[in-house]
Amino acid sequence: MIYQKKDLNILGEVIKPGQSAELSFNVAHLHTRTPVDVPVIIERSKKPGPTILFTAGIHGDEVNGIEIVRQLISKEINKPKIGSIICIPVLNIFGFINMEREFPDGRDLNRVFPGIKNGSLASRVAHTLVNEIIPEVDFVIDFHTGGAFRFNAPQIRIAPGNEDDDIMAEIFGAPFLLYSNNLNKSFRKTCNELGKPILLFEGGKSFHIDKNVTNTAVNGAKRILNHFGMLRKKFNVSEPKKECIKIIDSKWQRASYSGMFKAKANLGQEVKIGDTIGNITDPYGKFNHFVKAKHNGFIFNINESPIVYQGDALFHISTETTK
Numbered sequence: 008m009i010y011q012k013k014d015l016n017i018l019g020e021v022i023k024p025g026q027s028a029e030l031s032f033n034v035a036h037l038h039t040r041t042p043v044d045v046p047v048i049i050e051r052s053k054k055p056g057p058t059i060l061f062t063a064g065i066h067g068d069e070v071n072g073i074e075i076v077r078q079l080i081s082k083e084i085n086k087p088k089i090g091s092i093i094c095i096p097v098l099n100i101f102g103f104i105n106m107e108r109e110f111p112d113g114r115d116l117n118r119v120f121p122g123i124k125n126g127s128l129a130s131r132v133a134h135t136l137v138n139e140i141i142p143e144v145d146f147v148i149d150f151h152t153g154g155a156f157r158f159n160a161p162q163i164r165i166a167p168g169n170e171d172d173d174i175m176a177e178i179f180g181a182p183f184l185l186y187s188n189n190l191n192k193s194f195r196k197t198c199n200e201l202g203k204p205i206l207l208f209e210g211g212k213s214f215h216i217d218k219n220v221t222n223t224a225v226n227g228a229k230r231i232l233n234h235f236g237m238l239r240k241k242f243n244v245s246e247p248k249k250e251c252i253k254i255i256d257s258k259w260q261r262a263s264y265s266g267m268f269k270a271k272a273n274l275g276q277e278v279k280i281g282d283t284i285g286n287i288t289d290p291y292g293k294f295n296h297f298v299k300a301k302h303n304g305f306i307f308n309i310n311e312s313p314i315v316y317q318g319d320a321l322f323h324i325s326t327e328t329t330k
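The working numbering numbers the first residue of the sequence shown as 8 and each following residue consecutively.
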């Protein structure tokens, strides 16, 4: 693809080639009338090239994703050799302030896209992103973590059936690639409907920063930028440590009993049916249930909560994979 030099028109501002800008969009105030802005950090090369968007913090408690984008900025990886890079480290600034997943209106930002101009608070943020920023973007990487106590192995998620997405996911080089259908009203589905390629990265858990996860994601982002010719020579591009496991289908293994839970299997471990992968006990030393794998496959999500109830998801195990 041939890219022409052009101005970026974002949030009512014009950013020319070679310029840097820190913009913000504000859709509401706190109940104290204090304004809350969502920072949008833009770096442009004088040379034409694609415009890449890095986003995180769609869920306010997913701190690990925010840390990934923070590192891209602090290490100046976001200053491109060609083209433009836009970083939005915290989309749900309201949730981040309160350390909550949702917006103050109780809505999940990732379930209200493409948003409504005069809708709910979350819907207004979605509408601003989709209408003021996404039209200027050529490629998106959105960083997430596992919810609650569930720790995700570093992984890329894409919808099945798109060869271009497959290629970009392999270039990113996460240990796992999970094929999953786009959820209704999600950011990923909206980007796909608008013809904007997007990779969704999952890794770690809420309220937690994990060095391995952040390193995996930052290295993956550098590979993508290098692929587009945007990464400056000062940065090294490493090869992925492991061959990517592509997960075509998977199942959650759930708790048969309530109690105190401890996982014995490791994240990313390949298990066989009947392997002991954890145990559930009571507080009194009278009950000890060994959790045995019900499927052959790789464990790519583990519930790290010390207390579980019957029916809670414990392990996410692949049931069909390819390399």
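C-beta: ideal position from N, C-alpha, C; glycine also.
So is residue 172 buried or exposed if we call it buried at 16+ other beta carbons inside 10 Å? As a first step, residue 172 must be located in the sequence shown, where it is residue number 165. Buried, because 16 or more other Cβ atoms sit within 10 Å of the Cβ of residue 172.
Buried/exposed call for residue 245, threshold 16 Cβ in 10 Å: Locating residue 245 in the sequence shown gives position 238, counting from the first residue. Taking a 10 Å sphere around the C-beta of residue 245, we find fewer than 16 other C-beta atoms and assign the residue as exposed.
Please go through the stretch 86-127 and give each complete beta strand (DSSP E) segment of 3 or more residues, from N-terminal end onward. Every unbroken stretch of the beta strand (DSSP E) spanning 3 or more residues and falling wholly within the stretch 86-127 is given here in chain order: 91-95.
According to DSSP, residues forming a beta bridge with residue 16: Position 9 of the sequence shown holds residue 16. According to DSSP, which records beta bridges pairwise, residue 16 is partnered with 21.
Determine, using beta-carbon pairs with one atom in the stretch 91-111 and one in the stretch 163-183, whether at least three such pairs fall under 8 Å. Between the stretch 91-111 and the stretch 163-183, the count of Cβ pairs shorter than 8 Å is below three; the stretches do not touch.
Across which residues does DSSP place residue 46 in a beta bridge pair? Along the sequence shown, one-based indexing puts residue 46 at 39. The partner list for residue 46 (beta bridge, DSSP) reads 31.
Residue 63 - partner residues in DSSP beta bridges: The count along the sequence shown starts at 1 and reaches residue 63 at position 56. In the DSSP secondary-structure assignment, residue 63 is bridged to 150.
Identify, in the order they occur along the chain, each residue of the same chain with its Cβ nearer than 7 Å to the Cβ of residue 10, setting aside the five sequence neighbours on each side. Numbered from its first residue, the sequence shown carries residue 10 at position 3. Same-chain partners within the cutoff: 55, 56, 57 and 90.
If you count every other CB in all the chains shown that lies within 10 Å of the CB of residue 40, and 16 or more means buried, which is it? Counting from 1 along the sequence shown, the entry for residue 40 is found at position 33. Burial call: exposed.
Sequence-distant residues of the same chain with beta carbon closer than 6 Å to residue 301, five excluded per side: Taking the first residue of the sequence shown as position 1, residue 301 is located at position 294. Contacts found: 260.
Report the start-end ranges of each alpha helix (DSSP H) in the stretch 189-216 that is 4 residues or longer and not cut off at the edges. Fully enclosed alpha helix (DSSP H) runs of 4 or longer: 194-200.
Element boundaries [beta strand (DSSP E), containing residue 285]: In the sequence shown, residue 285 corresponds to position 278, counting from 1. Looking at the DSSP string, the run of the beta strand (DSSP E) that includes residue 285 is 283-288.
Helix, strand or coil at residue 39 according to DSSP, with G and I counted as helix: As a first step, residue 39 must be located in the sequence shown, where it is residue number 32. Secondary structure of residue 39 (DSSP, three-state): coil.
Are the CB atoms of residue 157 and residue 308 nearer to each other than 8 Å? Taking the first residue of the sequence shown as 1, we reach residue 157 at position 150. Taking the first residue of the sequence shown as 1, we reach residue 308 at position 301. Closer than 8 Å, so yes.
Residue 169 (DSSP reduced to helix, strand or coil): Within the sequence shown, residue 169 is the residue found at index 162, counting from 1. Three-state DSSP puts residue 169 in coil, outside helix and strand.
By DSSP's criteria, residue 298 is part of a beta bridge. Which residues make up the other side? Your numbering for residue 298 matches position 291 in the sequence shown. Residue 298 pairs with 285.
Endpoints, alpha helix (DSSP H) assigned at residue 218: Taking the sequence shown and counting its residues from 1, one reaches residue 218 at position 211. Here the alpha helix (DSSP H) through residue 218 covers 218-234.
Look at the Cβ atom of residue 231, then the Cβ atom of residue 186, and state whether they are nearer than 8 Å. Against the sequence shown, residue 231 aligns to sequence position 224. Against the sequence shown, residue 186 aligns to sequence position 179. Against a cut-off of 8 Å, the Cβ pair of residue 186 and residue 231 comes out as no contact.
Beta carbon of residue 238, beta carbon of residue 229: below 8 Å? If you number the sequence shown from 1, residue 238 lands on position 231. If you number the sequence shown from 1, residue 229 lands on position 222. It is a contact, given that the beta carbons lie within the stated cut-off.
Please state whether DSSP places residue 179 in a helix, a strand or coil. Start at 1 with the first residue of the sequence shown, and residue 179 comes out as number 172. Three-state DSSP puts residue 179 in a helix.
Suppose you measure from the CA of residue 195 to the CA of residue 147; what does that come to, to the nearest Å? As a working note, residue 195 is residue 188 in the sequence shown. As a working note, residue 147 is residue 140 in the sequence shown. When only Cα atoms are considered, residue 195 and residue 147 end up about 9 Å apart.
For residue 323, list the residues DSSP reports as bridge partners. Stepping through the sequence shown from its first residue, residue 323 is reached at position 316. Looking at the DSSP assignment, residue 323 forms a beta bridge with 259 and 308.
Looking only at C-alpha atoms, which of 258, 272, 304 and 199 sits nearest to residue 169? Locating residue 169 in the sequence shown gives position 162, where the first residue counts as 1. Nearest option by C-alpha distance: 199.
Measuring CA to CA, which of 291, 323, 318 and 315 is closest to residue 275? Here residue 275 refers to the residue found at position 268 of the sequence shown. Checked all of 291, 323, 318 and 315; the closest Cα to residue 275 is 323.
Residue range of the alpha helix (DSSP H) that includes residue 72: Within the sequence shown, numbered from 1, the residue matching residue 72 stands at position 65. Bounds of the alpha helix (DSSP H) holding residue 72 are 70-81.
Take the Cβ of residue 21 as the centre, count every other Cβ of all protein chains shown within 10 Å, and call the residue buried at 16 or more, exposed below. One-based indexing of the sequence shown puts residue 21 at position 14. Under this definition residue 21 is an exposed residue.
Sort 155, 159, 184 and 154 by Cα distance to residue 167 and report the nearest one. Against the sequence shown, residue 167 aligns to sequence position 160. Residue 184 is the option with its Cα nearest to residue 167.
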